[in-house]
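The structure under discussion appears below in the form of structure tokens.
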Ligand code: SF4
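Residue numbers (this note's numbering): 2 to 225.
Structure, rendered in structure tokens:
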């Protein structure tokens with residue numbers, strides 16, 4: 002790896018959720034726990050232990066570190082399933098070529114969240130770069146419901162993942178904290194109290210109204 006700043010790939014899901022949230026977390030180091038984040042953390046901690054499980058031609062790598070020099074990202078895969086495949090790649094944990102299949106663990110029941118898919122896709126892109134292989138699919142495993150949702154890692158998802166990585170690096174390099182845009186996601190955002198999306202929006206409107214008034218006053222004085 003070179004000396005550039007490698008950012009955690011899990012932050013891609015924050016960027017996707019809300020760029021302002023990513024800016025607050027990354028540049029202002031704000032964090033506020035709510036019921037959702039606490040539950041997610043507890044469930045993650047229960048399944049997160051670095052280990053390798055082997056059963057014949059099937060290997061599972063838990064908490065496997067991945068990185069990409071191309072996208073300057075680093076992170077961990079919750080689980081990588083590696084199955085013997087003559088057309089697969091070589092990894093240190095297997096004496097035979099394997100096909101790789103990343104699985105990302107999330108708390109709660111099955112739901113389609115694009116930010117989860119982008120995080121999974123970034124993991125796959127890191128693995129592809131590290132092991133010179135192709136990974137067409139991965140899964141999101143929902144811990145509470147014990148259900149898997151397969152995700153096709155197609156061109157559209159890859160383009161969104163690259164875009165999210167660019168945005169994340171820009172937020173970091175320029176120390177940006179984008180403006181708040183109040184939306185449905187704000188209701189379940191753990192940073193709601195710190196971000197104050199409504200207050201900031203109304204403050205902006207107030208400033209704009211003052212500006213308009215000042216311009217109007219100047220126009221009036223010119224006429225007198
Ligand atoms: S409260 Fe809304 S605007 Fe603020 S960080 Fe959360 S999601 Fe983004």
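Beta carbons are placed, not taken as given, at the ideal position from N, Cα and C, and that holds for glycine.
Inset, instruction - State yes or no: is the C-beta of residue 181 nearer than 7 Å to some heavy atom of the ligand SF4? - result: Within the chain shown, residue 181 is the residue found at index 180, counting from 1. Result yes, Cβ under 7 Å from the ligand SF4.
Inset, instruction - Would you list, in sequence order, the uninterrupted beta strand (DSSP E) runs of no fewer than 3 residues that lie entirely inside the region 85-156? - result: 99-107, 138-143, 148-153
Inset, instruction - State the Cα-Cα distance for the pair residue 68 and residue 130, rounded to the nearest angstrom. - result: Within the chain shown, the letter at position 67 stands for residue 68. Within the chain shown, the letter at position 129 stands for residue 130. If I take the Cα positions, the gap works out to 8 Å.
Legend entry - Check: residue 77 C-beta below 7 Å from any heavy atom of the ligand SF4: Within the chain shown, the letter at position 76 stands for residue 77. Not so, every heavy atom of the ligand SF4 lies at least 7 Å from the Cβ.
Legend entry - DSSP state of residue 189 mapped onto helix, strand, coil: Counting from one through the chain shown, the residue named residue 189 turns up at place 188. Helix at residue 189.
Legend entry - Proximity winner among 165, 8, 192, relative to residue 70 (alpha-carbon distances): Here the question's residue 70 lines up with position 69 in the chain shown. For the residues 165, 8, 192, the minimum Cα distance to residue 70 belongs to 8.
Legend entry - Where the beta strand (DSSP E) containing residue 27 begins and where it ends: As a first step, residue 27 is located in the chain shown; it is residue number 26 there, counting from the start. First-last for residue 27: 20-28, but that is the alpha helix (DSSP H), not the beta strand (DSSP E).
Legend entry - Between the CA atoms of residue 127 and residue 150 - distance to the nearest angstrom: Within the chain shown, the letter at position 149 stands for residue 150. Within the chain shown, the letter at position 126 stands for residue 127. In a straight line, the C-alpha of residue 150 is about 21 Å away from that of residue 127.
Inset, instruction - Use the C-beta contact count for residue 110: other C-beta atoms within 10 angstroms, 16 or more gives buried, fewer gives exposed. - result: The residue labelled residue 110 in the question sits at position 109 within the chain shown. The residue in question, residue 110, is exposed, as its Cβ has fewer than 16 Cβ neighbours within 10 Å.
Legend entry - residue 188 classed as buried or exposed, judged by whether at least 16 other C-beta atoms fall within 10 angstroms: If you number the chain shown from 1, residue 188 lands on position 187. Result: exposed.
Legend entry - Counterpart residues of residue 66 in DSSP-defined beta bridges: Residue mapping note: residue 66 aligns to position 65 of the chain shown, counting from 1. Paired residue(s): 77.
Legend entry - Contact shell at 5 Å, judged by CB to any heavy atom of the ligand SF4, ordered along the chain: 19, 21, 22, 181, 186, 187, 190, 192, 193, 196, 198
Inset, instruction - Specify, as a first and last residue, the run of the beta strand (DSSP E) that residue 54 falls within. - result: By one-based count along the chain shown, residue 54 stands at place 53. Looking at the DSSP string, the run of the beta strand (DSSP E) that includes residue 54 is 52-56.
Inset, instruction - Please state whether DSSP places residue 9 in a helix, a strand or coil. - result: Looking up residue 9 in the chain shown gives position 8. Strand.
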